[in-house]
Amino acid sequence: MYQPGTIEKKWQKYWQENQTYRVTNGGDRPKFYVLDMFPYPSGAGLHVGHPLGYIATDILARFKRMQGYNVLHPMGYDSFGLPAEQYAIQTGIHPAVSTADNISRYRSQLENLGFNYDWSREVSTSNPDFYHWTQWIFLQLFSHYYDLLADKATPISELIGHFEVSGTAGIQAFAGERYEFTAAEWNRFTPKEQSDVLMNFRLAYRTVTYVNWCEALGTVLANDEVKDGVSERGGYPVEKKPMLQWSLRITAYAERLLNDIDQVDWSDALKAMQRNWIGRSEGAQLFFEVLNSDARIEIFTTRPDTIFGATFMVLAPEHDLVPELTSDAQAESVRNYQEYVASRSEVDRMAEVKKVTGAFTGSYALNPFTGDHIPIWIGEYVLKDYGTGAIMAVPSDDERDQAFAQTFNLPIIDVVDKTDYPGATLHDKVGKIINSGFITGMEVPDAIRAVNAEIESRGLGLRKINYKLRDAIFSRQRYWGEPFPIYYDGDDVPHALNVDELPLTLPELEDFKPGAGGKSPLARKTEWVDFAPGKVRETDTMPGYAGSSWYHLRYMDAHNNQALASPEAIQYWQDVDVYVGGTEHAVGHLMYSRFWHKFLFDKAITPTPEPFRKLINQGMIQGVIESIFLKKEKENGKSIFFSAELVDPDDDQFTKIPVHIDYVSDYGSPNSHLSATGVASFIDWRPEFSDALFVAKSGTWQKGQDVPTGFKIITLSEVGKMSKRYFNVVNPDDIVAQYGADCFRMYEMFLGPIQQAKPWDTKGIDGVYKFLRRFWSLFEDEQENWIVNQTTPSESAIKVLHQTIKKVREDVERFSFNTSVSAFMICVNELKKEECHSHQILEPLVRLIAPFAPHVAEELWHRLHDSIAGMTSVHLTDLPEYDEQYLTESEVVYPVCINGKKRGELGLGVNVPQQEVEAMVKDLEVVQKWTEGKPIRRIIVIPNKMINVVI
RNA sequence: GCCGAAGUGGCGGAACUGGUAGACGCGCUGGACUCAAAAUCCAGUGAUAGCAAUAUCGUGUGGGUUCGAGUCCCACCUUCGGUACCA
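Just so you know, our numbering puts 475 at position 475 of the first sequence, and the rest follows in order with no gaps.
Next comes the structure, spelled out in structure tokens:
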């Protein structure tokens, strides 16, 4: 009898006791590093979506080990984050406590699936032993600038040395602002002034950036927590508030991040997303003078050739010059508009296409080429953080400028004639320039060159490369994150802690509510903040992506307390060979970790410029969100719920209330509903609705009353994230308890391609369970007799074995795990049909299936080798090889097509010459029938594939 | 809006390089075994017409390239992920 419960526990214990998956740094075997994106240990526990990628990497890691590699396959936790802090505010439970609970739950859930992680290397980012090195890397970023000549990060001390001797002369450094001063001036600067100058160069620096500030909640909100301009919790107004915060100068690495994408083996889609995120564009920086003012407006344009069509300017409403440019007459309308824009999220602002909004400042700029006075407007479609936060508007050649001009009646001058380029869109840089002074008549590319030259010779600006990529804001006004190893002196000059003072641990706290003025809760811990006379600590903490930007290196040497990992360990493991995780990390995490890795490469800590050689995106396993409709208005003091078919889902009289999926019958189907029992459970779960009315087609029901016949509250089923907030989390432990881990693993793989998103559904898991029982029955009969024998297998059994080995090996290499599961099924079906119980077939088959179903394989492996003393694990054996000689076919059945449509078949030996094939085809009865005497125009023979007769 | 992905039977999916559309599994239908059920085994199963052989249609929609298109090109529709402080 196949009893997964028994054998799985047994072998998990065995693997642990024998440290089967322990890996050492070094040895003769080539290295192979397989990494999963580590999970955030949420309170809802691991759900069935998480393991999809973990199972795939588990199979791959086992596969590679059996192919002779020394495989590093670790796991850990991204354990700093907002939800634990939110939970702490609600419950008073310390995030460290809830996080530790969640981690131990995740760990046991992961172990329950039989993964081959080397648990001795487990890490968690909230552990001081770990964040010690996150802080250390931050200090390195703080004490480095980007040298453009060396094209790498360089100690800031070298820059200071240069300033002391020569000032800014000859400096080639990546900087926020341009500075010019002499050595003498530098040496006369106050410490604060020097610090401010250096902030323009440091890779970790402090600057003013904007946050979502919610006055009512007294806190800064994540974009995620803001919906339609108000806080998701409570619906309070949210505005953009400037704050002095830490940022990382990722833009210094933009060019390398862009170029090195070519080095890695990632999907084209992912590479495209990264390239577009970096958003490199070549163009010109250009200054516009303002009429009756000293102000100059800096813009960046990729289309300097259209400057003769620039009939107005638009600034971001938050642009620094707006107050200066606003005339008294326009003050009120500008202020009203700024207030409106402050309530809008960036996504809202960019997504807005129908409604064009803006306000006139009352000032005019001078078009440097036409000399025209052009009005200066503000508009939400210009973003403060993108480019210079200001544009020259060319309504003839930009859709948004055009819409703006039409709305506000601004002039439009056509400057590019595209009649020679039919089909070209506004964005294509082609056409003939018209109405444009000295460039009239030129082709666009020539005009761009001509205008650029003119801009530079007249000192109006410079040719420039612009990136959409922005520096990464690195401060969070939160408790549950890495403290900054930074303190400020009396002049507010930031200083780094000494590296031997690390880690700077998070102090204990009882109350996790935000501090006054949007500060981190840490600000209230005054004895920690004012730790020495005249010195105060930074109270912000680092964001979620800090730890995850380098954790791949920590696994190489997880317990080192002298360095983030020893140079020997990093030299040995180099980089990650295969990295698997969700597309939701396509630009965020993957961009930041590439940036950190490159910085460490510049420091000669990592030997490779890229962290993740190959990357596979796993699709999300989605849940079904089941909800019922609650009428917003109570009637006679009672809540009323409606069955979904009675309600228009868009009707805003109703609120969707998610229902715990455990109460729902026919979950996930159009017929999903709450039966009378389901409604009763729902009321028990949400007692505030105990006297509610439930309106269904068959009648209305209320607690205590008789249930109408056929009573059903239909629930609305929507595919969405599997999350605690939707009460739709499916725990893999439940599936494992019923079917076993091997079955769960193979089922998740069987569901479909790893890259594809799909809703969770247990329909079909029986098929995999049946397969495992059939597989088992090749070894043991129903009376539990061992039936493996030493007979010589049939030719067809040998053939199917070798076909399966070939198929599975190829499928694993291309991450097509669903088709390898099918291959195993086909193989077992064939062996079952033949009643093959031959050791010669089954022994390699056990080794082949071991990466997929490690427990079953281990059990059968040990039973097969009962008599051999000192048997080791099947997972430490070799992967079976296939032999082409068993796979070659001597016959091939050609499909015979007439005009591409299959009409018959023709069995032939392989390698029959084309002419003979053609002759035989002509004689075929089907061909005769279909041609009906019409001449055959052509016969196409694809050797060993197909035949097509063209008539 | 912008960037990226996906859309194939009742369902999950297969078809890897332009070459037999629907492998494998679920479900369903019929049968065997059984007092019965479960389990197991056998057969069938894209739609339409037909007793059948067979024919026509068929991979989100509309067009195109090709001897041949699920696969390539153009336009569009729907869903999902990201959009810089969820992780």
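From the three backbone atoms N, C-alpha and C, an ideal C-beta is built for every residue, glycine too.
| Asked | Found |
| --- | --- |
| Sort out for me which residues DSSP pairs residue 527 with in a bridge. | According to DSSP, residue 527 bridges with nothing at all. |
| For residue 249, I'd like the list of residues in its chain whose CB is within less than 6 Å of its CB, leaving aside the five on either flank, ordered along the chain. | 203, 471 |
| Pull up the distance between the alpha-carbon of residue 63 and that of residue 854, whole angstroms please. | 11 Å |
| Does DSSP put residue 636 in a helix, in a strand, or in coil? | coil |
| For the alpha helix (DSSP H) that residue 930 lies in, which residues bound it at each end? | 925-931 |
| Is it the case that the Cβ atoms of residue 831 and residue 797 are separated by a distance below 8 Å? | yes |
| Between residue 912 and residue 939, is the Cβ-Cβ spacing less than 8 Å? | no |
| With 16 other CB atoms within 10 Å as the buried threshold, where does residue 835 fall? | exposed |
| Please classify residue 641 as buried or exposed, where buried requires at least 16 neighbouring CB atoms within 10 angstroms. | buried |
| Go through the segment 838-913 residue by residue and report every complete run of the beta strand (DSSP E) that reaches 3 residues or more, in order. | 891-898, 901-909 |
| How should residue 910 be labelled, buried or exposed, when 16 other C-beta atoms within 10 angstroms of its C-beta is the threshold for buried? | exposed |
| Could you tell me the boundaries of the alpha helix (DSSP H) in which residue 592 lies? | 588-602 |
| If you measure between the beta carbons of residue 308 and residue 413, is that distance less than 8 Å? | yes |
| Using 8 Å for Cβ pairs, my map puts residue 815 next to residue 272. What's the rounded Cβ distance? | Going by Cβ atoms, the distance from residue 815 to residue 272 rounds to 20 Å, so no, they are not a contact pair. |
| Please report the residue range of the beta strand (DSSP E) in which residue 289 lies. | 280-290 |
| Given that a residue counts as buried once 16 or more other Cβ atoms are within 10 Å of its Cβ, and exposed if not, what is residue 847? | buried |
| Looking at the unbroken alpha helix (DSSP H) that takes in residue 255, where does it start and where does it end? | 254-259 |
| Which of the three DSSP states, helix, strand or coil, is assigned to residue 327? | coil |
| Would you mind giving the Cβ-Cβ distance between residue 1020 and residue 218, rounded to the nearest angstrom? I have them listed as a contact below 8 Å. | Given that the chain is displayed from residue 1 to residue 951, the structure contains no residue 1020 and the question cannot be resolved. |
| With distance defined between alpha-carbon atoms, name the residue in 145, 254, 213, 229 nearest to residue 241. | 213 |
| Since residue 573 contacts residue 591 with CB under 8 Å, what's their CB separation in whole angstroms? | Contact flag wrong, Cβ pair sits at about 22 Å. |
| With a 10 Å radius around its C-beta and 16 neighbouring C-beta atoms as the bar for buried, classify residue 409 as buried or exposed. | exposed |
| Drop a sphere of 10 angstroms on the beta-carbon of residue 411, count the other beta-carbons inside from all chains shown, and report buried for 16 or more, exposed for fewer. | exposed |
| Could you tell me which uninterrupted alpha helix (DSSP H) segments, each at least 4 residues in length, are contained entirely in the segment 670-699, listed from first to last along the chain? | 676-685 |
| Who are the near neighbours of residue 612 in its chain, counting only those whose CB is closer than 6 Å to its CB and skipping five residues on each side? | 576, 579 |
| Using the Cα positions of residue 31 and residue 76, report the straight-line distance between them to the nearest angstrom. | 20 Å |
| Which residue's Cα is closest to the Cα of residue 210: 564, 821, 384? | 384 |
| So residue 119 is in the alpha helix (DSSP H); what residue range does that whole segment cover? | It is not in any alpha helix (DSSP H) - residue 119 carries neither H nor E in the DSSP assignment. |
| Under the DSSP definition of a beta bridge, which residues are partnered with residue 227? | 230 |
| Is residue 934 helix, strand or coil by DSSP? | coil |
| Of the choices 53, 54, 21, whose alpha-carbon is the least far from that of residue 66? | 21 |
| Are the beta-carbon atoms belonging to residue 799 and residue 820 less than 8 Å from one another? | no |
| Is it true that the segment 146-153 meets the segment 559-572, where meeting means three or more beta-carbon pairs spaced less than 8 Å apart? | no |
| Report the CB separation of residue 743 from residue 4 in whole angstroms; it is logged as a contact under 8 Å. | 7 Å |
| Assuming residue 358 and residue 327 are in contact, meaning their beta carbons sit under 8 Å apart, how far apart are those beta carbons, in whole angstroms? | The pair is not a contact, with the Cβ atoms about 16 Å apart (cut-off 8 Å). |
| Which word fits residue 387, buried or exposed, when buried means at least 16 other C-beta atoms lie within 10 angstroms of its C-beta? | buried |
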